[in-house]
Amino acid sequence: MAIISTDRVRLGAVAADKADAIRQAGELLVAGGCVEAAYVDGMLGRETVMSTYLGNGISIPHGQFEDQGYIKSTGISVLQVPAGVEWEPGELAYLIVGIAAVGDEHIGVMANLAEVIEDPAAAEDLVRATSPQEIVGRLSREAAPDA
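Following the numbering used here, the numbering of the sequence shown begins with -12 at its first residue and continues without gaps.
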């Protein structure tokens, strides 16, 4: 199974609040067969410990160490919220990247995403993407630069 695929990308989403956005990103991981439903609760719990907002309109909700038993396979979901959702006071997230990783794969996934997010133009491209293929292509290219 691919770490990221178009079936786990939702464009034009509307989220009532941060918790709703996390639930939606988590549900994409559940529907994609990456995690059990209980992992979504872990994603919500993780957010209460420390914010997953990275900047440039992007957040990366994920579970905690104790939630790893709910992960079936490493996967990424992407929820694009054009109107944004307040993640922190005064900080809107437009792209919510849900992450589920098995073992040490979590570190590699986070590093690959950080490379994209550090580039404001690349982050903006993801926020403004008009097809799931654009998002998958951009993240796949960054995740596997030799491919």
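Backbone N, C-alpha and C define an ideal beta-carbon position, used for all residues, glycine too. As the structure is a computational prediction, the values presented were derived from the model and not from experiment.
Contacts around residue i, its chain only, beta-carbon distance under 8 Å, and the 5 residues preceding and following it disregarded
i, result
"residue 1", "68 and 70"
"residue 120", "-7"
Check whether residue i and residue j have beta carbons under 8 Å apart
i, j, result
"residue 15", "residue 26", "no"
"residue -5", "residue 62", "yes"
"residue 43", "residue 101", "no"
"residue 30", "residue 49", "yes"
"residue 150", "residue 84", "Residue 150 lies beyond the residue range present for the chain, which begins at -12 and ends at 134; the question has no answer from this structure."
CA-to-CA distance, residue j to residue i, given in whole angstroms
i, j, result
"residue -1", "residue -7", "14 Å"
"residue 22", "residue 64", "11 Å"
"residue 40", "residue 118", "23 Å"
Proximal residues to residue i (C-beta, below 7 Å), its chain only, five neighbours per side dropped
i, result
"residue 98", "none"
"residue 75", "38 and 40"
"residue 107", "43"
Boundaries (first-last residue) of the beta strand (DSSP E) holding residue i
i, result
"residue 87", "78 to 87"
Complete runs of the alpha helix (DSSP H) confined to the segment 4 to 75 [at least 4 residues]: Annotation: the segment 4 to 75 contains the following complete segments of the alpha helix (DSSP H) (minimum length 4 residues), in chain order: 5 to 18 and 25 to 36.
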